[in-house]
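K.L.:
Sequence order for the protein chains is A and B. All letters in the first sequence, in the order written, are residues 5 to 229 by this note's numbering. All letters in the second sequence, in the order written, are residues 511 to 625 by this note's numbering. All C-beta atoms in this analysis are idealised placements derived from N, C-alpha and C, irrespective of residue type, glycine included. Remember, it's a predicted structure, so these values are computed and weren't measured experimentally. Pasting a structure here, questions to come.
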Amino acid sequence: MSTPSGSKFANPPRLIEKFLRWSLPKELKEPILGDLAEEYLDMLAHTPNKANYWYSRQALRTGLQFLTKTKRGLIMFLFGVAVFVTFIFIAMIMSGDVLMFLNVPSLLIVIPPAVFLTLACSSRQSVQHAFTIMLSERLDFGKIELVTAKQVFNTFGNMNMLMGWIGVIIGAIAMASNIESEVFSQVFGPAFAVCLLTLFYAFLIKALCYAAEAKIQFKIISQDS
Amino acid sequence: MSDKEKFLGEFEQFMLLSILKLSDNAYGSAIRQLLAEAIRRDVTIGALYTTLERLEKKGLLTSKMGEITPERGGRAKKYFKLTAQGQKALKRSKEALTDMWQGVSLSTQSTQGNS
Chain A
5 MSTPSGSKFA NPPRLIEKFL RWSLPKELKE PILGDLAEEY LDMLAHTPNK ANYWYSRQAL
65 RTGLQFLTKT KRGLIMFLFG VAVFVTFIFI AMIMSGDVLM FLNVPSLLIV IPPAVFLTLA
125 CSSRQSVQHA FTIMLSERLD FGKIELVTAK QVFNTFGNMN MLMGWIGVII GAIAMASNIE
185 SEVFSQVFGP AFAVCLLTLF YAFLIKALCY AAEAKIQFKI ISQDS
Chain B
511 MSDKEKFLGE FEQFMLLSIL KLSDNAYGSA IRQLLAEAIR RDVTIGALYT TLERLEKKGL
571 LTSKMGEITP ERGGRAKKYF KLTAQGQKAL KRSKEALTDM WQGVSLSTQS TQGNS
């Protein structure tokens with residue numbers, strides 16, 4: 005798009021325009037984006053310095069206004085996840101120290117292998133599409149697409165659980181091999197706690213995957229009915 | 511008074527009047543600019559379309575997609591037009607306001623109130 009004044013601001017802020025397009029209902033995308041583009045171009049010709057600010061303000065306010073209508077399901081899902089994470093976090097704080105629940109090796113035992121195993125069982129495209137479907141409000145996906153997406157989250161959740169249990173077993177074997185009887189009572193507690201962390205991480209991810217699966221299942225049921 | 515017979519809100523009246531004034535050129539951006547010039551209200555395009563949709567659902571407006579223009583990035587305009595019901599509702603609101611204004615003199619009252 006060129007401007008009458010030959011200004012360097014040829015296009016409206018791309019990211020904001022993308023956000024607006026994403027948040028608008030299908031039937032209003034064309035007229036609203038067109039109206040804003042037209043006024044933006046007009047503004048570039050007269051007050052080029054204000055054009056980007058004006059467009060951003062209009063697009064953000066309009067986008068946020070329609071977001072609660074067009075993305076209600078997504079907002080509720082993210083709100084649910086936020087509440088879940090918050091309560092887990094509060095429980096961790098009330099248990100004493102949040103840092104005792106943080107163990108990088110345990111995270112590395114669970115998440116990367118689960119990700120790679122899930123990719124191996126499906127494909128990168130399927131995983132990306134599964135997230136798109138889960139975050140989308142659309143109900144008109146194909147049945148196979150929905151079932152595949154659900155399967156991706158099911159696989160990822162289960163892989164995490166398996167890796168969590170494998171982590172526990174590895175930890176238990178390491179403990180059994182290294183702890184000496186003289187220091188058993190002092191070392192066993194902390195070592196066992198760390199050993200259980202892989203299972204803790206696995207359960208957290210499984211719970212989120214279960215929620216994603218349930219969301220997709222709802223779309224499948226909506227299609228069937 | 512049934513829902514359909516309720517009087518129009520202030521902003522709804524401004525919108526319907528803008529559409530009448532703009533005649534065949536009543537689309538989002540033009541309505542927004544007219545409102546900004548006439549009543550100095552910088553309405554967001556989202557708020558404008560929300561009201562237009564509501565009025566259309568009430569049967570006071572109709573809309574149709576227009577031509578695609580290059581300055582709009584190849585996107586079509588959505589033109590609005592008042593229905594007979596919309597014109598009737600606007601007239602009723604105007605008459606009601608005119609009736610209410612009968613015998614009211616703000617300047618006199620404000621002078622009396624200040625003294």
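I'd like to confirm the pairing. Which residues does DSSP put opposite Asn586 (chain B) in its beta bridges?
P.N.:
As written in the sequence, residue 586 (chain B) is Ala, which differs from the Asn given in the question. B:Ile578, per the DSSP bridge assignment.
K.L.:
Sort A:Ser185, A:Glu184, A:Leu200, A:Ser189 by Cα distance to Gly168 (chain A) and report the nearest one.
P.N.:
The shortest Cα separation from Gly168 (chain A) among A:Ser185, A:Glu184, A:Leu200, A:Ser189 belongs to A:Leu200.
K.L.:
Give me the chain A residues within the contact set of Ala548 (chain B), using Cβ-Cβ distance strictly less than 8 Å, ordered along the chain.
P.N.:
Simply none; closest approach about 17 Å.
K.L.:
Under three-state DSSP, which class holds Gly10 (chain A)?
P.N.:
Because Gly10 (chain A) sits at a pLDDT of 45, beneath the cut-off of 50, its placement in the model cannot be relied upon, and the point is left open.
K.L.:
Under 8 Å: do the stretch 106 to 125 of chain A and the stretch 160 to 175 of chain A share three or more Cβ pairs, one atom per stretch?
P.N.:
Yes, since at least three Cβ pairs between the stretch 106 to 125 of chain A and the stretch 160 to 175 of chain A fall closer than 8 Å, the two stretches touch.
K.L.:
Using the Cβ count rule (16 or more neighbours within 10 Å means buried), how would you classify Lys154 (chain A)?
P.N.:
buried
K.L.:
Could you run through the stretch 573 to 600 of chain B and flag, in chain order, every residue whose CB is less than 7 Å away from some CB of chain A?
P.N.:
Flagged, chain order: Glu581, Arg582, Gly583, Arg585, Ala586, Lys587, Lys588.
K.L.:
Could you tell me the distance, in whole angstroms, from the CA atom of Gly538 (chain B) to the CA atom of Lys574 (chain B)?
P.N.:
12 Å
K.L.:
Around the C-beta of Ile220 (chain A), are 16 or more other C-beta atoms found within 10 angstroms, so that it is buried, or is it exposed?
P.N.:
buried
K.L.:
Indicate whether at least one CB of chain B lies closer than 8 Å to the CB of Arg65 (chain A).
P.N.:
Taking 8 Å as the CB threshold, Arg65 (chain A) lines the interface with chain B.
K.L.:
Which one of A:Thr136, A:Ile20, A:Asp39 has the shortest CA to CA distance from Thr579 (chain B)?
P.N.:
Each of A:Thr136, A:Ile20, A:Asp39 was checked against the Cα of Thr579 (chain B), and the nearest Cα belongs to A:Asp39.
K.L.:
Rounding to the nearest angstrom, what Cα-Cα distance links Lys147 (chain A) and Glu31 (chain A) in this structure?
P.N.:
25 Å
K.L.:
Any beta carbon of chain A sitting closer than 8 Å to that of Ile705 (chain B)?
P.N.:
No answer is possible for residue 705 (chain B): it lies beyond the span of chain B, which begins at 511 and ends at 625.
K.L.:
How about Cys125 (chain A): is its Cβ closer than 7 Å to a heavy atom in the ligand NAD?
P.N.:
Questions concerning the ligand NAD fall outside what the structure shown contains, since it holds no ligand whatsoever.
K.L.:
Given this structure, state the Cα-to-Cα distance separating Gln227 (chain A) from Pro35 (chain A), to the nearest angstrom.
P.N.:
30 Å
K.L.:
Helix, strand or coil for Lys75 (chain A) per DSSP?
P.N.:
If DSSP states are grouped into helix, strand and coil, Lys75 (chain A) belongs with coil.
K.L.:
Got a sec, what are the start and stop residues for the alpha helix (DSSP H) Tyr205 (chain A) sits in?
P.N.:
188 to 228
K.L.:
In terms of residues, what are the limits of the alpha helix (DSSP H) holding Asn535 (chain B)?
P.N.:
Asn535 (chain B) -> no alpha helix (DSSP H), and no H or E assigned at all.
K.L.:
Could you tell me which chain B residues have their CB closer than 7 Å to the CB of Leu32 (chain A), listed as they occur along the chain?
P.N.:
Against chain B, the beta carbon of Leu32 (chain A) has neighbours under 7 Å at Tyr559, listed in chain order.
K.L.:
Could you check whether the Cβ of Phe204 (chain A) sits closer than 8 Å to any Cβ belonging to chain B?
P.N.:
no
K.L.:
Quick one, are the C-beta atoms of Thr122 (chain A) and Phe160 (chain A) less than 8 Å apart?
P.N.:
yes
K.L.:
According to DSSP, is Ser127 (chain A) part of a helix, a strand, or is it coil?
P.N.:
coil
K.L.:
Taking the straight line between their C-alpha atoms, what separation do you get for Met47 (chain A) and Tyr59 (chain A)?
P.N.:
9 Å
K.L.:
Quick one: residues in its chain with C-beta nearer than 8 Å to the C-beta of Leu208 (chain A), no 5 flanking neighbours on either side, listed in chain order?
P.N.:
Ile92
K.L.:
So within the stretch 100 to 165 of chain A, which uninterrupted alpha helix (DSSP H) runs reach at least 4 residues, ignoring any that extend past its ends?
P.N.:
Correct list: 108 to 125, 128 to 139.
K.L.:
Going by DSSP in three states, Lys568 (chain B) sits in which element: helix, strand or coil?
P.N.:
coil
K.L.:
So what's Leu592 (chain B) in DSSP terms, helix, strand or just coil?
P.N.:
strand
K.L.:
Rank B:Gly596, B:Lys531, B:Ile555 by C-alpha distance to the C-alpha of Lys568 (chain B) and give the top, closest one.
P.N.:
Checking every option, the nearest Cα to that of Lys568 (chain B) belongs to B:Gly596.
K.L.:
Short of 8 Å in beta carbon distance, which residues of its chain neighbour Phe192 (chain A), apart from the five on each side in sequence? Order them along the chain.
P.N.:
Met179, Ile183
K.L.:
Using a Cβ-Cβ cutoff of less than 7 Å, which residues in the same chain neighbour Met96 (chain A) once the five nearest sequence positions on both sides are dropped?
P.N.:
Excluding its 5 nearest sequence neighbours in each direction, Met96 (chain A) has C-beta neighbours in its own chain below 7 Å: Val102, Phe105, listed in chain order.
K.L.:
Under three-state DSSP, which class holds Ser573 (chain B)?
P.N.:
Correct three-state label for Ser573 (chain B): strand.
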